[in-house]
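Here is the structure we will look at.
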Amino acid sequence: MHILIVEDNALVASGVRAGLELHGFTCDVAPDAASARERMDGARHATPYAACVLDLGLPDGDGIALLRRWRAAAVDVPVLILTARGALEDKVAGFEGGGDDYLTKPFDLQELVLRLRALLRRAAGRASDRLALGDCEVRMDTAEVWRDGARVDVSRREWALLAALLQAHGRTLTPAQLHDSLYGFDLDVGSNTVNVHVHHLRRKLGADIIETVRGVGFRLGRSSA
Ligand code: CA
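So this note's numbering is basically just the index in the sequence shown, starting at one, shifted up by 559.
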């Protein structure tokens with residue numbers, strides 16, 4: 560799933576990015592408010608981000624002001640505020656500005672991942688991190704797929720593709736949208752790689768796991784919980 564990290568401290572940004580990517584997320588980093596706005600605007604017309612991790616002290620503005628603007632423009636991407644500001648009035652401003660969760664620095668990466676997953680679960684209207692998908696069980700908490708009591712070996716990209724389709728809630732995603740979910744906006748590896756990952760997932764999990772919608776793209780082929 561595709562996450563936007565808004566963070567001006569390069570060390571924190573790369574740490575968060577590396578940590579989230581280890582857990583199967585795809586990340587874009589915006590180092591200031593202007594590039595965050597640009598990224599979010601671009602994504603709205605292509606592939607909306609699954610969530611945003613937002614720092615408040617940015618070199619060209621305040622994260623809360625940015626968040627208010629997004630909410631006023633009906634951007635409903637779940638936002639987790641990650642900041643050194645730990646006073647109650649800051650948290651009040653964060654939530655009232657449209658934040659969905661709030662974590663103060665210094666923070667534990669595991670807690671950030673847990674909170675992000677909870678946000679994504681709620682955004683997708685799921686009660687559990689373990690989803691039945693035909694004869695497979697998809698475990699969002701450990702980024703694993705199980706079939707017939709055994710773990711299926713899926714690559715990080717294959718996992719990301721499956722997770723993006725699950726998060727899409729039965730909607731059809733175009734190859735370009737899936738490409739962005741897998742690689743972020745900065746990397747262009749060609750849309751045929753999406754077809755290759757779909758092919759591998761079908762081979763490993765059953766041909767009907769992903770349905771081709773002719774001329775449009777792909778969607779989940781089995782009803783999920
Ligand atoms: Ca900062």
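Positions of the beta carbon are idealized from the N, C-alpha and C atoms, including for glycine.
Reference residue i; option with closest CA among the options
i	options	result
A735	L647, D747, A677 and D712	D747
A727	R761, L570, W629 and Y608	Y608
A723	M699, W705 and D745	M699
N568	H561, V704, A589 and M560	A589
Cα-Cα separation, residue i to residue j
i	j	result
E770	E717	15 angstroms
L625	R762	44 angstroms
V634	R628	9 angstroms
A652	H759	46 angstroms
G729	G656	30 angstroms
E597	G583	24 angstroms
C611	D767	32 angstroms
V757	D745	22 angstroms
S714	A631	39 angstroms
S783	V772	With a pLDDT of only 45 at S783, under the threshold of 50, the placement of this residue in the model should not be trusted; the figure read from the coordinates follows. Distance between the alpha carbons of S783 and V772 is about 18 angstroms.
R603	E580	22 angstroms
R649	M560	The amino acid at residue 649 is misidentified as Arg; the sequence shows Asp. One C-alpha to the other measures close to 29 angstroms.
C695	R644	43 angstroms
L615	L779	37 angstroms
F785	G765	Residue numbering for the chain in the displayed model covers 560 to 784; residue 785 lies beyond these limits and cannot be assessed.
E670	D739	26 angstroms
Nearest-angstrom Cβ-Cβ length linking residue i and residue j, presumed shorter than 8 angstroms
i	j	result
V591	L563	With the sequence shown as reference, residue 591 is identified as Asp, and Val is not the correct amino acid for it. Actually they are not in contact, since the Cβ atoms of D591 and L563 sit about 13 angstroms apart, beyond 8 angstroms.
G684	L732	18 angstroms between Cβ atoms; not a contact.
L721	V697	7 angstroms
L613	G620	Wrong, their Cβ atoms sit about 12 angstroms apart, outside the cutoff.
L690	L725	7 angstroms
A593	V565	That pair is no contact at about 11 angstroms.
D587	G743	5 angstroms
8 angstroms Cβ cutoff, residue i in contact with chain D
i	result
G708	Protein chain content of the structure displayed is limited to a single chain, and chain D is not contained in it.
Are there three or more Cβ pairs, one per stretch, closer than 8 angstroms when the stretch 708-716 is compared with the stretch 655-671? no
Could you check whether the stretch 637-649 touches the stretch 678-687, counting it as contact only if at least three pairs of C-beta atoms, one from each stretch, sit closer than 8 angstroms? yes
Just to be sure I understand the criterion: a residue counts if its Cβ is closer than 5 angstroms to at least one heavy atom of ligand 2. Which residues meet that? What this structure holds is ligand 1, not ligand 2.
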